[in-house]
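Protein chains in written order, with my numbering: chain A, 276 to 577; chain B, 43 to 345; chain C, 7 to 322. The block underneath contains the structure these notes are about, expressed in structure tokens.
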């Protein structure tokens with residue numbers, strides 16, 4: 276191992292490329308050749324595009340009663356209509372948008388809390404670590420779904436952001452644990468000691484020395500939190516605790532089931548939201564595995 | 043200048059912190075300006091722990107560590123610690139791990155600048171860096187503006203010494219700084235330590251390698267299981283090791299022109315005289331030293 | 007002749023091209039010879055050690071041959087190498103035991119290993135115990151977990167394990183570098199003892215520590231930038247080296263008892279060349295004080311006196 280490192284390391288005969296640039300181009304090289312990453316990100320980006328652009332073409336209110344009832348997919352209503360004559364395609368694109376919102380917001384809150392606690396616990400160690408670890412473990416063993424159901428049920432007006440906030444507040448623990456263990460190993464590296472000897476403050480050491488060295492890890496953590504926030508939100512929506520004033524893929528599923536779409540064989544009502552959630556979360560995980568292969572040289576296939 | 047006075051470091055180990063691990067046991071030593079003191083020991087001897095305590099990265103369990111009269115355990119707060127690092131700096135074992143691989147190597151200089159010399163102009167700073175890089179005998183052309191992976195271990199280690207020299211340091215803790223380097227560059231880094239000593243710097247040189255431990259040092263301290271086994275002027279310690287452990291270590295070091303068999307034969311031909319070692323009770327944590335000859339101490343026998 | 011390596015070339019594949027880690031290495035290893043393989047990091051010594059037993063996925067056999075006891079070693083063919091490994095060639099890596107399953111007892115691990123090689127552990131049990139005692143280990147270690155052993159004990163167990171079938175060639179890759187000096191000495195001495203008793207026919211001891219190979223090796227081969235610089239008997243390399251690189255390397259080593267005040271030693275200026283696009287001619291010429299015009303051609307490895315090989319125009 277050392278042999279190769281020495282050989283390439285000492286190699287500066289041809290124009291020396293900056294390491295950051297080289298790492299970047301190397302990462303890009305593997306990224307372009309990784310089908311999992313390409314497929315995963317392709318699907319996620321397509322869905323994101325539909326969610327962003329779609330609502331501009333389908334009218335303001337996806338819940339409006341616009342057409343004939345229980346119409347299967349046709350030229351005018353691409354995904355058909357509900358038993359009440361609502362346009363399912365319109366609901367789908369709005370639902371996709373709010374699903375992304377909940378993922379970004381819920382995942383984002385969990386990410387911020389989780390990484391902050393993980394960094395401080397891992398870097399500071401000692402009693403601070405023990406206290407934070409205890410809190411993390413307590414939240415980890417709380418039955419998150421039950422807490423969410425209770426908490427969300429007590430709120431009168433529920434919006435996407437309130438839902439996201441609650442999801443974020445309950446789903447950070449594993450991220451905190453993962454970041455903590457990475458930080459623990461990085462904090463013992465000599466360059467961290469050296470930064471301390473250079474009179475750097477703790478938060479600067481964490482943000483400029485520790486975090487950049489695990490950036491790929493952080494990206495993957497965020498993606499996983501993003502996916503799990505979407506799943507939790509869909510679960511809440513499905514049992515009727517979704518946003519009271521809007522539409523989401525989970526809510527669509529809920530009303531499809533509530534109005535017996537399954538029994539009426541109105542497949543166009545429950546397949547699109549169900550497939551949408553599955554595809555999105557599934558491709559997020561595929562994307563994550565792809566990223567792992569790209570960032571982690573041990574998993575790269577030559 | 044640096045004084046360790048009966049320093050202990052005890053770790054609590056085991057499931058409920060019930061066990062005790064004496065990493066450093068009753069160590070007292072001094073480093074004077076212009077003196078290199080080698081801390082020599084095998085793994086688990088506590089040598090690196092002592093270095094890290096002097097650098098304020100670990101706190102001693104008991105005892106005093108003073109630098110120029112100030113007890114460093116009383117240094118509290120960010121500003122005071124920052125002032126301490128103006129006087130005392132360290133260089134570590136693995137030069138590759140000292141540089142954050144995603145930044146250029148000069149960044150270690152920039153960190154010093156932003157912390158300690160925020161007011162200095164670019165031109166003045168450049169002169170200062172060039173002077174420091176020159177002192178460690180590096181060609182600025184070859185080493186500045188490069189990424190760590192483009193430099194050799196020896197170059198990186200010398201850059202780290204240059205970094206310490208940007209500050210007006212009095213004491214350098216050199217923790218195994220040559221053990222990762224190749225034989226052909228090791229000696230240059232050792233020679234550099236010799237040059238710094240000439241400039242009046244006190245150096246605490248932590249090493250596991252006996253043949254390198256004595257090349258630059260004035261005083262050698264041989265550690266075993268956290269306690270001092272033998273301490274004295276380097277030449278005396280190596281020519282006339284008194285502690286059975288030091289003798290054993292020296293007989294095991296691979297030497298370049300004497301085989302182990304030759305060393306053993308020599309020892310058998312003139313067996314060294316036994317020295318009375320100090321003793322302590324089983325449950326006593328102290329580790330007293332006995333002065334066997336002037337300035338040459340032996341410690342307890344830990345079996 | 008146990009081992010005969012002819013013009014061996016092994017390259018590492020990287021994104022930016024091939025790293026010429028071993029670029030034409032030729033040497034012989036006599037029966038019963040312990041050869042110390044020394045050089046700086048990146049000189050190809052570990053690559054050579056690995057090539058003799060297993061190429062990893064990035065290593066590519068570009069040319070040359072290896073002959074063990076008169077048979078050609080198919081090093082490029084991983085499957086064809088299987089019958090040779092362990093039976094004919096064994097390896098002791100630097101941290102062998104740490105790579106093994108920590109939840110298995112040593113004895114069970116050894117038994118599994120033997121069964122995987124098609125042997126009945128019971129047939130070898132007696133020999134195993136005898137050898138463990140020989141290296142100063144109690145047979146009780148077989149009932150212990152790897153974590154319960156010290157570094158020196160682990161390396162000794164690995165040494166016994168890897169030589170159980172009396173292989174022709176043992177490769178020790180920095181096998182004692184992580185050990186404390188006193189343990190290092192006893193492990194190194196056990197290795198010599200194993201050779202003396204014929205448990206291994208010959209040995210290649212890869213290390214960066216020249217004073218250690220001086221203690222135990224019969225010959226020393228010094229490598230530089232993927233090629234052999236010099237090979238000779240141990241005392242010749244230490245006391246009368248001919249290649250300028252070996253000379254400078256030996257003179258850069260401080261000895262126990264020498265101080266900077268008495269004799270100030272000097273290192274070798276410069277760094278080894280990169281092996282992605284290795285320079286033509288002698289690879290040491292940029293750092294060599296004796297370099298002259300002829301050094302732009304590659305110096306051949308010549309036998310300058312019996313058993314003493316060097317690759318330098320000044321010695322030839």
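Backbone N, C-alpha and C define an ideal beta-carbon position, used for all residues, glycine too.
Assigned secondary structure, residue i (DSSP; H/G/I helix, E/B strand, else coil)
{"i": "residue 286 of chain A", "result": "With a pLDDT of only 37 at residue 286 of chain A, under the threshold of 50, the placement of this residue in the model should not be trusted; the figure read from the coordinates follows. Three-state result, residue 286 of chain A: coil."}
{"i": "residue 211 of chain C", "result": "strand"}
{"i": "residue 33 of chain C", "result": "strand"}
{"i": "residue 560 of chain A", "result": "helix"}
{"i": "residue 84 of chain C", "result": "helix"}
{"i": "residue 53 of chain B", "result": "strand"}
{"i": "residue 310 of chain B", "result": "helix"}
{"i": "residue 254 of chain B", "result": "helix"}
{"i": "residue 317 of chain C", "result": "coil"}
{"i": "residue 344 of chain B", "result": "coil"}
{"i": "residue 220 of chain B", "result": "coil"}
{"i": "residue 153 of chain B", "result": "helix"}
{"i": "residue 300 of chain A", "result": "helix"}
{"i": "residue 25 of chain C", "result": "strand"}
{"i": "residue 280 of chain A", "result": "For residue 280 of chain A, the predicted model reports a pLDDT of 39, less than 50, meaning its position is unreliable; a value from the coordinates is still stated below. In the structure shown, residue 280 of chain A sits in a helix (DSSP, three-state: H, G or I)."}
{"i": "residue 290 of chain B", "result": "helix"}
{"i": "residue 519 of chain A", "result": "coil"}
{"i": "residue 31 of chain B", "result": "Only positions 43 to 345 of chain B appear in this structure, which leaves residue 31 of chain B out of reach."}
{"i": "residue 118 of chain C", "result": "helix"}
{"i": "residue 223 of chain C", "result": "coil"}
Within 9 Å, strictly: CB atoms of residue i and residue j
{"i": "residue 296 of chain B", "j": "residue 198 of chain B", "result": "no"}
{"i": "residue 82 of chain B", "j": "residue 245 of chain B", "result": "no"}
{"i": "residue 271 of chain C", "j": "residue 257 of chain B", "result": "yes"}
{"i": "residue 274 of chain B", "j": "residue 324 of chain B", "result": "no"}
{"i": "residue 70 of chain B", "j": "residue 54 of chain B", "result": "no"}
{"i": "residue 54 of chain C", "j": "residue 176 of chain C", "result": "no"}
{"i": "residue 229 of chain B", "j": "residue 131 of chain B", "result": "no"}
{"i": "residue 254 of chain B", "j": "residue 260 of chain C", "result": "yes"}
{"i": "residue 382 of chain A", "j": "residue 504 of chain A", "result": "yes"}
{"i": "residue 207 of chain C", "j": "residue 316 of chain C", "result": "no"}
{"i": "residue 80 of chain B", "j": "residue 247 of chain B", "result": "yes"}
{"i": "residue 269 of chain B", "j": "residue 62 of chain B", "result": "no"}
{"i": "residue 380 of chain A", "j": "residue 326 of chain A", "result": "no"}
{"i": "residue 384 of chain A", "j": "residue 444 of chain A", "result": "yes"}
Of the listed residues the options, nearest to residue i (C-alpha basis)
{"i": "residue 216 of chain B", "options": "B:54, B:69, B:51, B:91", "result": "B:91"}
{"i": "residue 319 of chain B", "options": "B:45, B:271, B:189", "result": "B:271"}
{"i": "residue 273 of chain C", "options": "B:255, B:303, B:220", "result": "B:220"}
{"i": "residue 436 of chain A", "options": "A:451, A:315, A:376, A:481", "result": "A:376"}
{"i": "residue 366 of chain A", "options": "A:408, A:565, A:553, A:549", "result": "A:549"}
{"i": "residue 264 of chain C", "options": "B:150, B:278, B:100", "result": "B:278"}
{"i": "residue 306 of chain C", "options": "C:235, C:243, C:140", "result": "C:235"}
{"i": "residue 46 of chain B", "options": "B:84, B:64, B:112, B:86", "result": "B:112"}
{"i": "residue 28 of chain C", "options": "C:132, C:284, C:277, C:312", "result": "C:284"}
{"i": "residue 344 of chain B", "options": "B:333, B:329, B:337", "result": "B:329"}
{"i": "residue 98 of chain B", "options": "B:87, B:241, B:120", "result": "B:120"}
Sheet register partners of residue i (DSSP bridge)
{"i": "residue 275 of chain B", "result": "B:261"}
{"i": "residue 399 of chain A", "result": "For residue 399 of chain A, which the question treats as bridged, DSSP gives no partner whatsoever."}
{"i": "residue 72 of chain C", "result": "C:11"}
{"i": "residue 311 of chain C", "result": "C:314"}
Contact list for residue i against chain A, beta-carbon separation under 8 Å
{"i": "residue 246 of chain B", "result": "Result: empty, since nearest Cβ-Cβ is about 14 Å, beyond 8 Å."}
{"i": "residue 277 of chain B", "result": "The contacting residues do not exist; residue 277 of chain B stays about 32 Å from chain A at best."}
9 Å Cβ cut-off: residues of chain B touching residue i
{"i": "residue 488 of chain A", "result": "142, 143, 144"}
Amino acids of chain B, ordered along the chain, whose beta-carbon sits closer than 8 Å to that of residue i
{"i": "residue 215 of chain C", "result": "296"}
Neighbouring residues, chain B, relative to residue i (Cβ below 7 Å)
{"i": "residue 259 of chain C", "result": "225, 298"}
{"i": "residue 397 of chain A", "result": "By Cβ distance, chain B contributes nothing, its closest Cβ being about 16 Å from residue 397 of chain A, past 7 Å."}
Contact list for residue i against chain C, beta-carbon separation under 9 Å
{"i": "residue 343 of chain B", "result": "Within 9 Å Cβ-Cβ: nothing; residue 343 of chain B doesn't reach chain C, min ~16 Å."}
Listed by chain order, chain C residues near residue i by CB distance under 8 Å
{"i": "residue 258 of chain B", "result": "265, 266"}
Contact list for residue i against chain A, beta-carbon separation under 7 Å
{"i": "residue 158 of chain B", "result": "474"}
Exercise. Any residues in the segment 108-140 of chain B with a beta carbon nearer than 7 Å to a beta carbon of chain E? Which ones, in chain order?
Worked result: The structure shown contains no chain E; its protein chains are A, B and C.
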